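Below is one structure; the comments refer to it alone.
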Amino acid sequence: MTRWERRPAPHIMIESYRPAVSLAPTVRPTRCACVRPAASASAKPSRPSRRNVLLLAPVLHTGLASAEEARQPPRDLGEGVRGVDLIPGRVNGAVVKEGDAVVVNLKGRLFAKQGWVFSDDWAETRDGLPQSHTFTVGAGEVIRGLEVGVLGMQEGGVRRVVCPPNVSYQTKDQQPVPRDFSNRQRLYTTIFNPTRLANGEGDTLSTVIFDIELVRVAR
352 MTRWERRPAP HIMIESYRPA VSLAPTVRPT RCACVRPAAS ASAKPSRPSR RNVLLLAPVL
412 HTGLASAEEA RQPPRDLGEG VRGVDLIPGR VNGAVVKEGD AVVVNLKGRL FAKQGWVFSD
472 DWAETRDGLP QSHTFTVGAG EVIRGLEVGV LGMQEGGVRR VVCPPNVSYQ TKDQQPVPRD
532 FSNRQRLYTT IFNPTRLANG EGDTLSTVIF DIELVRVAR
């Protein structure tokens, strides 16, 4: 198997899925629209972090995740990578470990730029099938954050991960890269923007988010 290749994966029906979790503060209705409840001077509204909001945002995929999985909080996966399992893997499906070759479908977006999507295997199809990616975990064929993010996943599962700058794109040679040339250029001019990096914006510019569907573990 080639260390890095794209290949069609089994067709999966894609639809919108929204986790059963509310990130908005609870508002209790009043008897009269003209009467507003008094605000407590000591009460401070809870504001979820932007990173957690993006982690729990809707995923474009099959709607098989239960409410229980959707409520799982983001967790530390190691090396600064945080993730949440959106869809559980198949019963008895293989679990990814270091050194495994994996076939995955990916959707990548920037933490900056309002979550701009720079690559989407489900949207960029060939003969109606997602153009999957294949790589070996730990071989350095993709950004380190993606290798860390896929570890422990079970075949058939979907996980969303946030990759901070230290495990994100370090050079323009690292995979995965957008197939579309204009998207590729926009990704590079954002992440490697010298002016904004000099202004200390590197932590925001280089952070990327991936939805990962583990299609198969090849051993």
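Every number in my numbering is 351 more than the matching position in the sequence shown, counting from 1. Cβ coordinates follow ideal geometry from the N, Cα and C atoms, glycine included. The structure presented is a predicted model; accordingly, all values stated were derived computationally and were not measured.
* DSSP-derived helix/strand/coil call for residue 521 -> Assignment of residue 521 by DSSP, reduced to helix, strand and coil, places it in the coil class.
* Note down, in chain order, each residue of its chain lying with its Cβ closer than 6 Å to the Cβ of residue 446, except the 5 sequence neighbours on either side. => Cβ neighbours of residue 446 beyond the five flanking positions: 505.
* Asked: Do residue 509 and residue 483 have their C-beta atoms within less than 8 Å of each other?
  -> In this structure, residue 509 keeps its C-beta atom at 8 Å or more from the C-beta atom of residue 483.
* Asked: Which word fits residue 449, buried or exposed, when buried means at least 16 other C-beta atoms lie within 10 angstroms of its C-beta?
  -> Taking every protein chain shown into account, the CB of residue 449 has fewer than 16 other CB atoms within 10 angstroms, so this residue is exposed.
* With DSSP collapsed to three states, give me the class of residue 564. => Three-state DSSP puts residue 564 in a strand.
* **residue 580 versus 490, 495, 528, 569, residue with shortest Cα-Cα distance** => Residue coverage of the chain in this structure runs from 352 to 570, which leaves residue 580 outside it and unanswerable.
* **Given residue 453 as reference, the closest of 439, 502, 467 once Cα atoms are compared** => Checked all of 439, 502, 467; the closest Cα to residue 453 is 502.
* To do: Given a cut-off of 8 Å, decide if residue 472 and residue 458 are closer than it, judged by their beta-carbon atoms.
  => In terms of Cβ geometry, residue 458 and residue 472 form a close pair [threshold 8 Å].
* Fully enclosed by the segment 476-543, which alpha helix (DSSP H) runs are 4 residues long or longer? -> Given a length threshold of 4 residues, each whole run of the alpha helix (DSSP H) inside the segment 476-543 is given here in chain order: 495-501, 532-542.
* Would you mind sorting residue 461 into buried or exposed? The rule is 16 or more other CB atoms within 10 Å of its CB. => Under this definition residue 461 is a buried residue.
* To do: Please state if the CB of residue 428 and the CB of residue 507 are separated by a distance shorter than 8 Å.
  => No. Outside cutoff.
* **Collapsed DSSP secondary structure at residue 553 in the structure displayed** => Here residue 553 sits in helix by DSSP.
* **residue 579 versus residue 451 - alpha carbon distance** => The requested residue 579 is not part of the displayed model; the chain covers only 352 to 570.
* What's the C-alpha gap between residue 557 and residue 437? -> Spanning the two alpha carbons is a distance of roughly 24 Å.
* To do: Kindly indicate if chain D contains any beta-carbon less than 8 Å away from that of residue 546.
  => You won't find chain D in this structure, because it holds only one protein chain.
* To do: Please report how far the alpha carbon of residue 512 lies from the alpha carbon of residue 467, in whole angstroms.
  => Their backbone Cα atoms lie some 15 Å apart in a straight line.
* Just to confirm, are residue 489 and residue 514 a CB contact at a threshold of 8 Å? -> Using a Cβ distance threshold of 8 Å, residue 489 and residue 514 do not count as a contacting pair.
* With a threshold of 16 other CB atoms inside 10 Å of the CB of residue 491, please say whether the residue is buried or exposed. => Around the beta carbon of residue 491, fewer than 16 other beta carbons lie within 10 angstroms, which makes this residue exposed.
* From residue 434 to residue 425, what does the alpha carbon distance come to, in whole angstroms? -> Between residue 434 and residue 425, the C-alpha separation is close to 5 Å.
* If I'm right that residue 516 touches residue 551 with Cβ under 8 Å, what's the distance once you round it to whole angstroms? => No, residue 516 and residue 551 are not in contact; Cβ-Cβ is about 12 Å, not under 8 Å.
* Straight-line gap, residue 542 to residue 549 (C-alpha atoms, nearest Å) -> Approximately 12 Å between the Cα atoms of the pair.
* With which residues is residue 458 paired in a DSSP beta bridge? -> BP columns for residue 458 point to 471, 562.
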